[in-house]
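Following my numbering from start to finish, the sequence shown increments by one per residue and tops out at 462.
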Amino acid sequence: MGPAKAAGLVALCVGMLHPALAGGVEPPAAKGQPALDGPYQAVANRTFVNQALPPGTLEINILDADQKPLEGIAVIVEVAGSNAVSGKARRRLDGKTNAEGRHTFTGLGWGRGVTYRVSTQRGPAQFSSKPFSMTQKHGATAQLHAYEAVTRLAEAALVIQAVLRIELNQRSIAVNHLIQVVNVGRKAYVASDLKLPLPPGYEAFNHVPSKTGAGIMERNGLAHLVGTFPPGEQDLRFSYQIPLQGTAEQQLRVPLPPRVARARVMLGAGPGMGLKVSGFPDARPGRPHRGRPVLETIKEIELNGNMGSFLGNTNAETLEVTLSGLPAEGWGRWLALALAALAIAAGGLHRFGAGGGRDRAAPERQEELSVARDALLDELTGLERGRHDGQVGPRSYERIRTALLDALARILAQLEEAGCQGQDVMTGWTDEGSSGDPSSKPGSSRRDAAKGGGAKRNRRK
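Okay, here's the thing in structure tokens:
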């Protein structure tokens with residue numbers, strides 16, 4: 002999460018949790034819940050070059066929530082890469098802080114090939130710095146905070162913002178979760194009791210590991226929050242697939258963590274597709290994502306002075322999501338292909354549409370666009386054949402055909418800007434080696450399908 006977004010999210014959460022702060026009134030804490038005496042402003046960990054230290058020296062300071070030194074805290078330094086002193090690829094250094102909360106290591110290596118990561122533990126909570134390097138001219142100082150910790154969500158001042166992105170694949174629905182966790186209290190939360198039930202029939206679960214060790218793990222059909230969440234913000238990402246049922250409408254039951262202050266649901270939508278989320282406002286067109294049209298709906302909670310109830314919520318929720326206008330069974334690949342082609346076309350805008358010109362067109366980019374164009378033309382031919390054979394109904398035909406033609410138009414525009422010369426941009430077929438009979442060219446059926454589609458598009462406009 003970028004600094005601007007993080008600051009905005011913290012402001013949103015603080016505003017919801019502390020509506021009385023503007024008037025100087027301390028909000029009451031319900032029994033068994035964290036006492037919030039105003040939002041805690043966490044000081045970021047940092048590492049920096051210290052000109053007062055000789056090369057190869059690393060000074061580590063461990064501080065508490067009040068910036069006071071912590072004595073007798075175990076310190077671990079993980080060294081990765083080639084080391085000028087020991088020559089080892091990886092090693093671990095151990096130490097313990099003194100009365101000033103400090104421990105110093107000497108004789109360390111430096112350079113781009115050597116990175117360091119400082120970590121410590123306080124009770125059940127683990128804290129670590131981001132990897133960093135040292136210079137050959139001076140030593141470095143690392144300041145790391147170690148907070149008191151709680152293991153029950155009911156005792157943690159945690160607020161969450163959830164983003165759900167849904168995309169249609171050839172045979173499945175991809176569900177992508179982004180959970181932005183904000184800890185506005187003074188104590189770290191060690192996740193142990195926050196579990197999200199995954200949808201029935203889910204498959205291909207995946208998660209993005211966090212540099213701090215916090216994350217989402219799958220066990221027995223549940224997504225478990227794991228790791229330490231210190232004061233401040235952390236982003237967690239995970240995803241899974243839900244098989245398409247082959248019907249025009251499909252309902253999804255997706256998990257949502259407790260204490261969600263703001264939830265956003267997005268659908269990468271093809272023509273005629275719809276999104277409805279129970280309890281949310283009607284979906285509206287949003288900013289395109291990777292060149293794809295998007296429908297989205299956003300819901301923010303209104304506490305209305307009921308902060309105790311919000312903080313007391315420790316149970317996961319389930320969102321009822323309904324997708325409509327889905328392609329019939331067997332034709333989902335066409336819509337998925339069209340959306341993928343749109344993403345490929347959008348990827349070239351920054352290369353060819355911002356003054357790059359033909360001279361800067363990369364050959365691999367032309368190849369990528371050509372492959373997408375040929376795939377679209379082949380699918381248009383197959384779609385026409387399916388309609389002729391009665392395998393595709395009129396509504397599905399019109400919806401899929403429109404999506405394929407829109408994607409093809411963008412691909413062709415990108416190819417023209419890429420400067421593909423000496424080639425029929427409609428088929429990829431050159432004049433060399435042709436038999437003189439248009440029907441003998443492999444791309445003739447593609448050309449007919451594309452030209453016929455273009456004529457109908459012009460009439461419709």
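Every residue, glycine too, gets a C-beta built ideally from N, C-alpha and C.
Remember, predicted model here, so these are calculated numbers, not experimental data.
Proximal residues to residue i (C-beta, below 6 Å), its chain only, five neighbours per side dropped
i	result
GLU250	SER325
ALA5	Legend: pLDDT at ALA5 = 45, less than 50; position of this residue unreliable, no value from coordinates given.
VAL261	ILE161 and ALA163
GLU168	ALA175 and GLY269
ALA264	ALA163 and LYS300
ARG238	LEU179 and VAL209
ILE217	HIS208, ALA224, LEU237 and PHE239
PRO294	ALA270
ARG361	Its pLDDT being 41, under 50, ARG361 is placed unreliably in this model, and the value from its coordinates should be taken loosely. Within the same chain, ARG361 has no close Cβ partners at all.
ARG388	TYR398
Range of the contiguous beta strand (DSSP E) that encloses residue i
i	result
LEU465	Because the chain in this structure spans residues 2 to 462, residue 465 falls outside the shown range and cannot be described.
LEU165	159 to 169
SER173	173 to 184
SER193	Unbroken run through SER193: none, as it is neither H nor E.
LEU320	318 to 325
LEU64	59 to 64
ARG1	Absent from the model: residue 1. The displayed extent of the chain is 2 to 462, so no value can be given.
ARG103	103 to 106
VAL78	75 to 82
ARG285	285 to 290
SER69	At residue 69 the sequence reads Lys, which differs from the Ser that was named. Taken as a continuous stretch (DSSP letters only), LYS69 belongs to no beta strand (DSSP E), as it is neither H nor E.
LEU296	293 to 301
THR48	47 to 51
Spatially closest choice to residue i from the options, by CA coordinates
i	options	result
GLN367	GLY108, LYS69 and ALA414	ALA414
LEU327	ALA45, ILE401 and ALA264	ILE401
LYS277	PRO244, GLU301 and GLU321	GLU321
PHE206	HIS178, ARG93 and VAL227	HIS178
GLY247	ALA147, ASN170, ALA141 and LEU381	ASN170
GLY228	ARG285, PRO256, MET274 and THR152	THR152
GLY309	VAL44, ALA155, ARG123 and GLY96	ALA155
LEU381	PRO395, LEU409 and VAL372	LEU409
Neighbourhood of residue i by C-beta, 7 Å cutoff - its chain only, sequence neighbours within 5 removed
i	result
LYS212	LYS131
ILE243	SER173, ILE174, VAL176, PRO200, GLY202, TYR203 and LEU253
GLU101	PRO70
GLN68	VAL44
LYS138	PRO56
Cβ neighbours of residue i in the same chain (closer than 8 Å, five flanking residues each side left out)
i	result
PHE133	THR48, THR116, TYR117, ARG118, ALA141 and ALA143
THR319	PRO198, ARG254, VAL255, PRO256 and LEU257
LYS97	GLY73, ILE74, ALA75, VAL76 and HIS104
Residue i vs residue j beta-carbon contact at 8 Å
i	j	result
ALA147	THR121	yes
GLY57	LEU94	no
PRO232	TYR41	yes
VAL182	LEU165	no
LYS196	ALA317	yes
Every unbroken beta strand (DSSP E) inside the region 207 to 280 [3 residues or more] = 216 to 220, 223 to 227, 233 to 244, 251 to 257, 261 to 269 and 275 to 278
Please go through the region 117 to 161 and give each complete beta strand (DSSP E) segment of 3 or more residues, from N-terminal end onward.
-> 126 to 129 and 140 to 146
Entirely enclosed alpha helix (DSSP H) segments - the region 371 to 426, minimum 4 residues = 395 to 419
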